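Trainee: My structure is below; once you've seen it, I'll send some questions.
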Amino acid sequence: MKTKGKWMMTMKQQKPRKTRQVLKFSVLVFLALAIAGGFFAYKYVMDALRPVSVSSEVVTMEIAKGSTTDAAMQALYDADLIHDATIAKFYARVVKLTSVKAGIYRIDKAWTLKAILEKINDPAGAVSTDVLLTIVPGDWARDAAKKIADKTDLDATELLALWNDNAYIDELSKTYSVITADVKKSGTRVKLEGYLFPETYFIKADWSMEKVTEKLIAQTQSIYDKHKAEFDATKLAPHQLSTHQVFILASVTQFEASKPADMKNVAQVFYNRLEIKMLLQSSVTVCYSLYDYTDWRDCETNSGIDSKYNTYKYPGLPIGPITNPSEAAIDAVLNPTPNDYFYFIADVYGDGTVYFAKTYAQHLANVQKYLK
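With the numbering used here as the guide, the letters of the sequence shown map in order to residues 40 to 411.
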């Protein structure tokens, strides 16, 4: 019994000792993690103050009028000029560089965060007080109007009305030969759709509607002049498309494909269909017919909509352009890749790759494989 009692006492003594050991170990682990966490947090913050690149690369970016410090930091982050927008916001407050100035800046990726903050807080830091207007390939006229309105004092609805004004279009045609009488065709949604060239422009916030519009049309004219010989050749056999029809087909091609190589094949598919008087059956023309839709399925399931833009219902090209096409899309129509395809689909669930088919059976197989 004595031996047993002694053993029990030893066990009671050992239990608190083990508990203390576990507690000490836990404290040590916590301290180690805290130190490690603090080290990594410190390193992360210090890295965020460093340049995003060791080599020089100058980026042109805009701090919009009325931007807060937080908005400016987000713009810098979006332009890949800083590592972390949140840290930059706090750092700007710490170093008291929160009086950001609106304007267009040329900022080097090799600059530190502090150097960038000093630049955008300097009243003379901006290279221009212009605003940057970016129309992207495939934008609709209404998208362009909204972007212009967001950057200026102009009204989007009034811009769209101007772009439908026959008298104004007549005035444009006197200066810009790319604007032909076909542009005024009745029944179109926006008459200058297709001619608002997608590009990044420097404009003044106080420009008139006409001046902004002519900035865009002038760029379209420049592309037209560059490809004038090809436009003239396309008017002849086998394609026989007018200047306006080139812009119409380019706008559809732009909507259907994103890669230049795909565009050239897509354009040829449409030529192949036109040659045998086959309906183009382009679902993107249904998208424009709907004008408001949620996703591409809406365009696929509403092919019966009665609209002169709808190439499922009406033969030939749609009544007018359905996007503002890029130079690549225009070039695809002027210089298509010869092929004998009549069908294609884009892998909307993947990387957007376009798959072509010669027969309807092959086309259905592609649909089953890539769109189901």
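Note that the Cβ used here is the ideal one computed from N, Cα and C, for glycine as well. All of these numbers come straight from a predicted model, not from anything done at the bench.
How many Å lie between W179 and V134 at the Cα?
Mentor: Distance between the alpha carbons of W179 and V134 is about 43 Å.
Trainee: Kindly confirm or deny that the stretch 247 to 264 and the stretch 213 to 228 touch, where touching means at least three C-beta pairs closer than 8 Å.
Mentor: Result yes; three or more Cβ-Cβ pairs closer than 8 Å.
Trainee: State the Cα-Cα distance for the pair A296 and A87, rounded to the nearest angstrom.
Mentor: Taking the straight line from one Cα to the other gives about 38 Å.
Trainee: For K397 and N405, what's the separation of their Cα atoms in angstroms?
Mentor: Their backbone Cα atoms lie some 11 Å apart in a straight line.
Trainee: At which residues does the beta strand (DSSP E) containing R312 begin and terminate?
Mentor: That residue, R312, is in no beta strand (DSSP E); its alpha helix (DSSP H) goes P299 to E314.
Trainee: Would you tell me roughly how many angstroms separate the C-alpha atoms of V170 and D331, rounded to the nearest one?
Mentor: Those two C-alpha atoms are separated by around 29 Å.
Trainee: At a cut of 8 Å, does the stretch 197 to 206 reach the stretch 261 to 278 through at least three beta carbon pairs?
Mentor: Flag = no, the stretch 197 to 206 and the stretch 261 to 278 do not touch.
Trainee: Report yes or no: do three or more beta-carbon pairs, one from the stretch 374 to 390 and one from the stretch 351 to 363, lie closer than 8 Å?
Mentor: Judged by Cβ distances under 8 Å, the stretch 374 to 390 makes no contact with the stretch 351 to 363, as fewer than three pairs qualify.
Trainee: Could you tell me which residues DSSP puts in a beta bridge with D147?
Mentor: Answer is V97, bridged to D147.
Trainee: Taking S342 as the reference, which of S106, K408, L319 and S167 has the closest Cα?
Mentor: Answer by Cα proximity: L319.
Trainee: Checking the sheet assignment: what are the DSSP bridge partners for S322?
Mentor: Beta-bridge pairing links S322 to no other residue.
Trainee: Look up G142 in the DSSP assignment and give the residues it is bridged to.
Mentor: G142 is bridged to I102.
Trainee: Which residue from I384, A371 and M317 puts its Cα closest to that of Y351?
Mentor: Selected option, being the one with the closest Cα: M317.
Trainee: Comparing the CB of K190 with every heavy atom of the ligand GDP, is any distance shorter than 7 Å?
Mentor: Although the ligand GDP was asked about, the structure shown includes no ligands whatsoever.
Trainee: Note down the Cα distance separating F129 from L152, rounded to an integer number of angstroms.
Mentor: Those two C-alpha atoms are separated by around 12 Å.
Trainee: If you drop the 5 nearest sequence neighbours on each side, which residues of the same chain put their C-beta closer than 6 Å to that of A124?
Mentor: Around A124: M112, Q113 and Y116.
Trainee: Could you give the residue range of the beta strand (DSSP E) that holds T239?
Mentor: First-last of the beta strand (DSSP E) with T239: T239 to I242.
Trainee: Consult DSSP for G391 and reduce its assignment to one of helix, strand or coil.
Mentor: It is coil, neither helix nor strand.
Trainee: Just how far apart, CA to CA, sit A118 and I315?
Mentor: Straight-line Cα distance between these residues: approximately 48 Å.
Trainee: Tell me T173's beta-bridge partners as DSSP assigns them.
Mentor: DSSP, once it has assigned bridges, lists T239 as partnering T173.
Trainee: So what does DSSP say about S365, is it helix, strand or coil?
Mentor: Coil.
Trainee: Going by C-alpha distance, which of K140, C326 and A385 is nearest D337?
Mentor: Of the listed residues, the one whose Cα sits closest to D337 is C326.
Trainee: So if DSSP puts S281 in a beta bridge, which residue, or which two residues, is it bridged to?
Mentor: According to DSSP, S281 bridges with nothing at all.
Trainee: Please classify K408 as buried or exposed, where buried requires at least 16 neighbouring CB atoms within 10 angstroms.
Mentor: K408 should be labelled exposed.
Trainee: What's the gap between the Cα of D161 and the Cα of I146?
Mentor: So the alpha carbons of these two residues sit roughly 13 Å apart.
Trainee: To which residues does DSSP link F381 through a beta bridge?
Mentor: Paired residue(s): none; F381 is not in a bridge.
Trainee: Taking buried to mean at least 16 other C-beta atoms within 10 Å of its own C-beta, is P375 buried or exposed?
Mentor: Answer is buried; the Cβ neighbour count reaches 16.
Trainee: So I155 and I121 are in contact, right, with Cβ under 8 Å, and what is the actual spacing, rounded?
Mentor: Right, the Cβ-Cβ distance comes to about 7 Å (below 8 Å), so this counts as a contact.
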